[in-house]
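Once you know that position 60 of the sequence shown is 157 in this note's numbering, the rest is easy, because the numbers rise by one and skip nothing.
Just so it is clear, CB atoms sit at the ideal spot from N, CA and C, and this is done for glycine as well.
Because the structure is a prediction, the values reported are computed rather than measured.
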Amino acid sequence: MIELKNLTVSYGALRAVDGVSLTVGTGDILSLLGPSGCGKSSLLRGVVGLEPSTGEILVNGVPVAGVAVHQRRIGMVFQDAQLFTHRTVAGNIAYGLKGESREEIARRVGEMLELVGLAGMGERSVTTLSGGQAQRVALARSLAPRPDVLLLDEPLSALDRVLRERLSQDLRAILKGAGATAIYVTHDHDEAFTVADRVGIMDDGRLLQIGTPEELIHSHTTEVTDFLGSTTIVEGRVTEPSEARTRVALPAEIEIPGTVTGDTVRLRITPLGVIGADLDDR
Ligand code: ADP
Ligand code: MG
98 MIELKNLTVS
108 YGALRAVDGV
118 SLTVGTGDIL
128 SLLGPSGCGK
138 SSLLRGVVGL
148 EPSTGEILVN
158 GVPVAGVAVH
168 QRRIGMVFQD
178 AQLFTHRTVA
188 GNIAYGLKGE
198 SREEIARRVG
208 EMLELVGLAG
218 MGERSVTTLS
228 GGQAQRVALA
238 RSLAPRPDVL
248 LLDEPLSALD
258 RVLRERLSQD
268 LRAILKGAGA
278 TAIYVTHDHD
288 EAFTVADRVG
298 IMDDGRLLQI
308 GTPEELIHSH
318 TTEVTDFLGS
328 TTIVEGRVTE
338 PSEARTRVAL
348 PAEIEIPGTV
358 TGDTVRLRIT
368 PLGVIGADLD
378 DR
């Protein structure tokens, strides 16, 4: 479990992270979603100890303030895999396992290769890997020493769209398979909602709202709905198929949650249902 209490990271007069408080339970994945420059990386850097911060950081109930970076048992995965190019795949994954017996290292490396879907590739040179494979190795390397918390800073953003979609699903399965407690930072809505159990919306150094995807989609906070936008997916009934054009009937009358007092309502059509976007203005 990790708890942040009023975490603040400043660069001179700029408060890049401005009093963020949140809790991630053991084995849970929290995504922090926000536009570029809102302070996501600064927050992670503060948590891991690469940037000075004020406020409290507790890992499994214990404050980490006085603990050196490499002793915090907090793993980190970056946008570029940052692998050690002179080591093999297995050599990279074994990096954080110094001090373990040779047998234990081999066992754990094998287990991690399996988990990230690279079984049998341990002896490969990392310079021969695709971008997606390299990120899998980076993930395996950071999970191998069983960190108390794993921080991921836009780990898929350097990959192309198709790969990103597939890998974000795999990533969730990998993190869950490892039982990791994770904070996953991204500016991509789809990725945040695919990977996480809960999503926190960040803007301008502050945490605007935090909740399950379901809770956020139904949020009535204008700031949050504006930021999330809407995804228009609606199911229609084909009434008149033809070669060039097809007539489709949409539901003429629908129900939305909440009360609307006026005669008209703007609807947000999301994958989770239709929501009245004006409900907060009533
Ligand atoms: P994000 O990861 O969400 O894109 P960052 O945490 O990188 O945001 O940046 C948050 C703010 O802090 C931005 O205004 C950025 O310009 C500023 N910033 C980031 N790193 C530094 C630094 N080392 N020195 C000064 N300002 C910084
Ligand atoms: Mg960043």
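Discussion item. For GLU208 and ASP285, I'd like the C-alpha separation in whole angstroms.
Written reply: Within the sequence shown, the letter at position 111 stands for residue 208. Within the sequence shown, the letter at position 188 stands for residue 285. Distance between the alpha carbons of GLU208 and ASP285: 30 angstroms.
Item to complete: Find out if the Cβ-Cβ distance for the pair GLY214, ARG184 is shorter than 8 angstroms.
Response: Position 117 of the sequence shown, counted from the first residue, corresponds to residue 214. Position 87 of the sequence shown, counted from the first residue, corresponds to residue 184. The answer is no: Cβ separation not under 8 angstroms.
Fill in: Neighbour-count burial assignment, VAL259, 16 or more Cβ in a 10 Å radius
Numbered from its first residue, the sequence shown carries residue 259 at position 162. Exposed, because fewer than 16 other Cβ atoms sit within 10 Å of the Cβ of VAL259.
Worksheet item: What are the boundary residues of the alpha helix (DSSP H) that LEU240 is part of?
Response: Residue numbering aside, residue 240 sits at position 143 when the sequence shown is read from its first letter. Segment 228 to 240, the alpha helix (DSSP H) holding LEU240.
Practice prompt. Go through the stretch 116 to 169 residue by residue and report every complete run of the beta strand (DSSP E) that reaches 3 residues or more, in order.
Written response: 126 to 130, 151 to 156
Practice prompt. Helix, strand or coil for VAL89, going by three-state DSSP, please let me know.
Written response: Outside the modelled stretch of the chain, which goes from 98 to 379, sits residue 89, for which no answer is possible.
Worksheet item: Any idea which residues DSSP pairs GLU100 with across the strands?
Response: Here residue 100 refers to the residue found at position 3 when the sequence shown is read from its first residue. THR120, LEU155.
Worksheet entry | The beta strand (DSSP E) enclosing ARG303, as first and last residue numbers | Start at 1 with the first residue of the sequence shown, and residue 303 comes out as number 206. That run of the beta strand (DSSP E) goes 303 to 308.
Item to complete: For the alpha helix (DSSP H) containing ASP245, list its first residue and its last residue.
Response: Position 148 of the sequence shown, counted from the start, is the residue given in the question as residue 245. Looking at the DSSP string, ASP245 is not in any alpha helix (DSSP H), and its letter there is neither H nor E.
Worksheet item: DSSP state of ARG334, grouped into three classes?
Response: In the sequence shown, residue 334 corresponds to position 237, counting from 1. The answer is strand: DSSP assigns ARG334 an E or B state.
Worksheet item: Three or more C-beta pairs closer than 8 angstroms, one from the stretch 119 to 137 and one from the stretch 160 to 177: is that the case here?
Response: no
Practice prompt. Using three-state DSSP, classify ASP377 as helix, strand or coil.
Written response: Start at 1 with the first residue of the sequence shown, and residue 377 comes out as number 280. Any reading at ASP377 needs caution, since the residue's pLDDT is 49, under 50, leaving its predicted position unreliable; the model's value is listed next. If DSSP states are grouped into helix, strand and coil, ASP377 belongs with the helices.
Discussion item. Less than 8 angstroms between C-beta atoms, sequence neighbours within five positions excluded: which residues of the same chain meet that for ARG379?
Written reply: The sequence position of residue 379 within the sequence shown is 282, counting from 1. Reliability fails at ARG379, whose pLDDT of 37 lies under 50, so the model's placement of it is uncertain and the value that follows must be treated cautiously. Around ARG379: THR356, VAL357, THR358, GLY359.
Discussion item. In the DSSP output, what is LEU111 paired with across the bridge?
Written reply: Within the sequence shown, residue 111 is the residue found at index 14, counting from 1. Partner(s): TYR108.
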